[in-house]
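Participant:
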Amino acid sequence: MSQLKCCLITPSYKPDFARCRLLAESVDKFAPSDISHYIVVDQKDFKLFQQLSNPNRTVITVESILPWWIQKIPLIKNGWFSLKTLPIRNWLIQQIVKLEIANHIREDVLIFVDSDVTFVRPFDHRQFVKDGKVKLFKESIPLSLWNTAIEYTWYDTARSLLNLPQFAEFSDQNPVINYVGNFIIWKRDNVLQLHQHIEKVTQKSWIQAIASCWNFSEYILYGIFVDQVLKENSGQYWDSQKVSHDYWGTTPLKEKQLQQFFQDIPPECFAVMISSKSKTPVESYVKLVQQISNYP
Numbered sequence: 009m010s011q012l013k014c015c016l017i018t019p020s021y022k023p024d025f026a027r028c029r030l031l032a033e034s035v036d037k038f039a040p041s042d043i044s045h046y047i048v049v050d051q052k053d054f055k056l057f058q059q060l061s062n063p064n065r066t067v068i069t070v071e072s073i074l075p076w077w078i079q080k081i082p083l084i085k086n087g088w089f090s091l092k093t094l095p096i097r098n099w100l101i102q103q104i105v106k107l108e109i110a111n112h113i114r115e116d117v118l119i120f121v122d123s124d125v126t127f128v129r130p131f132d133h134r135q136f137v138k139d140g141k142v143k144l145f146k147e148s149i150p151l152s153l154w155n156t157a158i159e160y161t162w163y164d165t166a167r168s169l170l171n172l173p174q175f176a177e178f179s180d181q182n183p184v185i186n187y188v189g190n191f192i193i194w195k196r197d198n199v200l201q202l203h204q205h206i207e208k209v210t211q212k213s214w215i216q217a218i219a220s221c222w223n224f225s226e227y228i229l230y231g232i233f234v235d236q237v238l239k240e241n242s243g244q245y246w247d248s249q250k251v252s253h254d255y256w257g258t259t260p261l262k263e264k265q266l267q268q269f270f271q272d273i274p275p276e277c278f279a280v281m282i283s284s285k286s287k288t289p290v291e292s293y294v295k296l297v298q299q300i301s302n303y304p
């Protein structure tokens, strides 16, 4: 990535502000100085997050990214009004924003980092380049760990949008391929090609096509597009190595559990993620982050 301009992108919102602030502090400490960081929030949260801005970090509103025909529904927490489709749920808006932001920034490489991630060691984006190609996270998952009821539809939706044959059922001989994570790298040019491909297939704007979907994953869509449409022309290579030590549980970690979690960080990981869904208070582990990160 020596000649490619790189940026970090973090969607967030008010309940995750403390986590996002910790992430921002860790980016300032450990990220290379030539990486820009974009935080994307609803207009109503802009003033709160604006305090995290600095020369390398910009706060962008969701409303400024979306087309004019999608507007927030007043007094409805998770609803967006659309003049061209049925009303759009907030979780789908978040995924559309990730795909649309490529039209609003100029960096060549987009690294999506969730707001509950924190860097604890230095990292260099050039480590994700091999023979001029940029890493794309891709892993095989045992069927026992796959939520087939929901996640099968992610693949069906993606393949329909891309005009690919529907996938046969997963099995030991036909393993689940996952492209979802909390540190995901896309190429901007590939995202723009994805927009064009969907519009060619559906004969409508790509946002309209996706807004009409019920179950959808932006990471699955992009991964399949790179893997099975662009193929060797994608400029990306596939790698299953994770860079973040994660806790995906839904119950809060207690003090001893937190201490053990930080002690168990693998040497190849330069970040940690304690899921916001666990409701583990940031205050309960910020000192552990600072200790392991050698904060002054």
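Residue numbers (the numbering used here): 9 to 304.
Backbone N, C-alpha and C define an ideal beta-carbon position, used for all residues, glycine too.
Measure the C-alpha to C-alpha separation of S283 and R29 and round it to an integer number of angstroms.
Facilitator: The residue you call residue 283 lines up with position 275 of the sequence shown. The residue you call residue 29 lines up with position 21 of the sequence shown. Distance between the alpha carbons of S283 and R29 is about 15 Å.
Participant: Roughly how many angstroms lie between the CA atoms of M9 and V294, to the nearest whole one?
Facilitator: Within the sequence shown, the letter at position 1 stands for residue 9. Within the sequence shown, the letter at position 286 stands for residue 294. Residue placement at M9 is flagged as unreliable, the pLDDT there being 49, under the threshold of 50; a coordinate-derived value is accordingly withheld.
Participant: Could you check if T259 is buried or exposed, using at least 16 other CB atoms within 10 Å of its CB as the buried criterion?
Facilitator: Taking the first residue of the sequence shown as 1, we reach residue 259 at position 251. Exposed is the call here.
Participant: Roughly how many angstroms separate the alpha carbons of N302 and I192, rounded to a whole number?
Facilitator: Start at 1 with the first residue of the sequence shown, and residue 302 comes out as number 294. Start at 1 with the first residue of the sequence shown, and residue 192 comes out as number 184. Looking at the two C-alpha atoms, the distance is approximately 26 Å.
Participant: Per DSSP, what kind of secondary structure is C14 in: helix, strand or coil?
Facilitator: Along the sequence shown, read from residue 1 onward, the residue named residue 14 stands at position 6. Per DSSP, reduced to three states, the secondary structure at C14 is strand.
Participant: Looking only at its chain, what residues have a beta carbon closer than 7 Å to the beta carbon of K141, apart from the 5 residues adjacent to it on each side?
Facilitator: Here the question's residue 141 lines up with position 133 in the sequence shown. Around K141: G243, Q244 and Y245.
Participant: What is the rounded straight-line gap between the Cα of L202 and the Cα of Q267?
Facilitator: Within the sequence shown, the letter at position 194 stands for residue 202. Within the sequence shown, the letter at position 259 stands for residue 267. Their backbone Cα atoms lie some 43 Å apart in a straight line.
Participant: Identify, in the order they occur along the chain, each residue of the same chain with its Cβ nearer than 8 Å to the Cβ of F57, setting aside the five sequence neighbours on each side.
Facilitator: Stepping through the sequence shown from its first residue, residue 57 is reached at position 49. Excluding residues within five positions, the ones whose Cβ falls inside 8 Å are S20, F25, C28, I47, V49 and V67.
Participant: Taking 6 Å as the limit between beta carbons, can you name the residues of its chain near E147, skipping five residues before and five after?
Facilitator: Taking the sequence shown and counting its residues from 1, one reaches residue 147 at position 139. Only N186 and S248 meet the Cβ criterion.
Participant: Would you kindly work out how many angstroms separate the C-alpha atoms of F54 and L60, rounded to a whole number?
Facilitator: Here residue 54 corresponds to residue number 46 of the sequence shown, with the count starting at 1. Here residue 60 corresponds to residue number 52 of the sequence shown, with the count starting at 1. Taking the straight line joining both Cα atoms gives about 10 Å.
Participant: What are the start and end residues of the alpha helix (DSSP H) that includes Q216?
Facilitator: Position 208 of the sequence shown, counted from the first residue, corresponds to residue 216. W214 to A219 is the extent of the alpha helix (DSSP H) around Q216.
Participant: Would you decide whether K106 is buried or exposed? Buried here means 16 or more other CB atoms lie within 10 Å of its CB.
Facilitator: Sequence index remark: in the sequence shown, residue 106 carries index 98 (1-based). Label assigned to K106: buried.
Participant: Pull up the DSSP beta-bridge partners for W194, would you.
Facilitator: The sequence position of residue 194 within the sequence shown is 186, counting from 1. Bridge partners of W194: L118.
Participant: Identify every residue that forms a DSSP beta bridge with E147.
Facilitator: In the sequence shown, counting from the first residue as 1, residue 147 sits at position 139. The partner list for E147 (beta bridge, DSSP) reads N186.
Participant: Taking C-alpha atoms, which residue in V121, L170, V184 and T161 lies nearest to P150?
Facilitator: If you number the sequence shown from 1, residue 150 lands on position 142. That would be V184, whose Cα lies nearest to the Cα of P150.
Participant: Report the rounded CA-to-CA distance for R97 versus P275, giving the unit in angstroms.
Facilitator: Mapped onto the sequence shown, residue 97 falls at position 89. Mapped onto the sequence shown, residue 275 falls at position 267. About 39 Å.
Participant: So, under 8 Å CB-CB, F270 and L296 are touching, yes? Tell me the CB distance rounded to an integer number of Å.
Facilitator: Counted from its first residue, the sequence shown places residue 270 at position 262. Counted from its first residue, the sequence shown places residue 296 at position 288. Here F270 really is in contact with L296; their C-beta atoms are around 5 Å apart, less than 8 Å.
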